[in-house]
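Working notes for the structure below.
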Amino acid sequence: MPLADIILVFCFFLSWVRGTNIGLFLPSDESMMASIDYTTQTLQNIGLLAGLVFYVLLKNDFSFLKRSISDTLLTVVGLIVIVSLFISIDKRDSIKFLFATGVVSAPTIIYILKYGSEKFLKSLGNFVIVMAIINFLYILVMPQYAIMSGVHAGKWKGLFEHKNASGQFFALGFFIILHQFRYSFSVRSTFQLIALLISFVFVVMSKSATGVVAFAAMLLLYYFSTYMYRLYKPGERIAVFIILIVLSLLMYVLFGPWLEATFFSAIGKDATLTGRTNIWMPLLELSYERPILGYGFGMAQQPEFISQIYSQITFAPKTTHNSYLELILNIGYPATIIFVLYAVKTLVRPLSFPVYNRNIVKLRAMGTSILAVSMIMAMSSGGVFLDRSMWWLFCLTGMLLLSAQSRLEET
């Protein structure tokens, strides 16, 4: 393998390690999370930048940039992000955040453009397998760090900072492995089966409400999307998609109160999964003060920014618990609307394309379910859009898988 390709593979896996924020000896008590030293993440960012620079110099390949700016909507969002740096309330932090987001995102973009969707998912599946096995061994060897204490005592987190991150990662990781799983007596199939079991156990033992909901949503959307894309005529797929939306809205109106009173009360959450809805109104009021370009890229991810509303609530949240609101605060309402429109366009556009074989059905189903679940979870989680987080990498994965199908059709 050429040196440039080795560097790209290294950067790809390092970017996912960086996105998950895993680490050894992280505190098991949520109240101690403020003491976490993020020097390792800073070094990983620098390593990613160095690797990407070497890769581009060796390959002299800027195709990933050309393809990124070929989409008008993305270009507009990118320009607004750059403009927001100049009007940011803290230009230094905004530039640092843009740098971190860029170096974490670039390897995934380059990797899928270079190797294609199938090899990309295979590599990502290998990462999930390794993560499952290492995290399970960490539970066995160092339970004092891998199992949470304090208010979340007994809940599994593994190498992750928090049990929610653990549950969410393995909820989606389970289906990435399942997408490739073929039962046989091979070594690879054995490891895949072990990783599937461990991933499911982590979703259960993390006792993360968002992890459980993400798993259930992936289960429903993956198999529904598979059925939908098996329909030969694009018109039939669009009709089924519209019927699903109408039925979902109808079920929400008819059964929403009952669902909230049974399922959500059973897992100890409200329908938003956050129990933090009282922070949204003060943050919305902040957004009205700078609605066009926001407060600057990455500002809503800074605890110091969120601290502005502490006097209006009874606790001290570290995030907005809503990625749509987060994006509005960062880059304003116009750019947020454009970004969401791009995501929706990416989600529905493949419905009109013909299906040539079973592999395309599975790839579109995987991309659709990952992107749709990311957009759903963005309603109750921060860091899903334009971030240096695990959730943004999953969201980006869904977009890239569906965009790859669109490029294939155009070709």
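Numbered per full-length UniProt numbering, the sequence shown spans residues 1 to 411. Even for Gly, the Cβ is constructed at its ideal location relative to N, Cα and C. Everything numeric in this text was worked out from a predicted model, so none of it was measured.
Annotated as proximal: PRO107 and LEU48, with beta-carbon spacing under 8 Å. Considering only TRP16, VAL81, ARG188, the residue with the shortest C-alpha distance to PHE160 is TRP16.
The residue from MET33, SER389, PHE12, ARG364 with its alpha-carbon nearest to that of ARG349 is ARG364. Close CB contacts of LEU402 within its chain, under the 8 Å cut and outside five residues either way in sequence, are with THR346, LEU347, ARG349, PRO350, ARG364, GLY367, THR368, LEU371 (chain order).
Taking MET390 as reference, the option from LEU249, VAL9, LEU14 with the minimal CA-CA separation is LEU14. Boundaries of the alpha helix (DSSP H) harbouring THR108: 91–115, taken from the DSSP string. Around the beta carbon of MET131, a 10 Å sphere encloses 16 or more other beta carbons of the protein chains shown; the residue is thus reported as buried. Taking the Cα of ILE306 as reference, the smallest distance to any Cα among LEU293, PRO291, ILE292, SER287 is reached at SER287.
For LYS163, same chain residues with a beta-carbon under 7 Å away, outside a window of 5 residues either side, are MET148, HIS152, LYS155, TRP156, LYS157, SER206, LYS207, SER208 in chain order. Looking only at GLY398, ALA404, PHE385, the smallest Cα-Cα distance to GLY102 is reached by PHE385.
Secondary structure note for LYS233: it is in no alpha helix (DSSP H), with a DSSP letter that is neither H nor E. Between the beta-carbon of GLY125 and that of GLY167 there is about 19 Å, and that puts the pair past the 8 Å contact cut.
Excluding sequence positions up to five before and after ILE328, its CB lies within less than 6 Å of the CB of SER287, THR336, all in the same chain and listed in chain order. Rounded to whole angstroms, the separation of the alpha carbons of THR226 and PHE241 is 12 Å. Within the model, the alpha-carbon separation for VAL213 versus VAL56 is close to 40 Å.
From the listed residues LYS91, ILE22, PRO143, TYR324, the smallest Cα separation to GLY296 is found for LYS91. DSSP, read as helix, strand or coil, puts SER374 in helix. With contact defined as three or more Cβ pairs closer than 8 Å, the stretch 185–203 and the stretch 131–140 are in contact. Less than 8 Å divides the Cβ of ILE177 from the Cβ of VAL128.
DSSP places SER189 within a helical segment (H, G or I) once states are collapsed to three. A distance below 8 Å between beta-carbons, with the five flanking residues on each side excluded, links THR40 to the following residues of its chain, in chain order: GLY23. In the structure shown, the three-state DSSP call for ASP387 is coil. In the DSSP assignment, SER28 forms no beta bridge with any residue. ILE36 sits in coil when the DSSP states are folded into three classes, being neither helix nor strand.
The Cβ atoms of SER84 and ASN330 lie closer than 8 Å to each other.
Of TYR115, ARG290, LEU121, LYS233, the smallest CA-CA separation from LEU325 is found for ARG290.
As a beta-bridge residue in DSSP terms, SER149 pairs with ASP29. At a Cβ-Cβ threshold of 8 Å, LEU293 and GLY235 do not count as neighbours. Listed as beta-bridge partners of TRP156 by DSSP are ILE147. Burial check for TYR222: the Cβ neighbour count within 10 Å reaches 16 or more, so the residue is buried. No residue range can be given for PHE353, since it is assigned to no alpha helix (DSSP H) and is classified by DSSP as neither H nor E. Contact between PRO282 and ILE245 fails: their C-beta atoms lie close to 32 Å from each other, not under 8 Å. Contact between ALA217 and VAL373 holds, since their C-beta atoms are separated by about 5 Å, short of 8 Å. Here VAL81 is actually not in contact with ILE338; their C-beta atoms are around 11 Å apart, not less than 8 Å. Comparing alpha-carbon positions, the option among SER189, VAL344, GLY382, ARG182 lying closest to TRP280 turns out to be GLY382.
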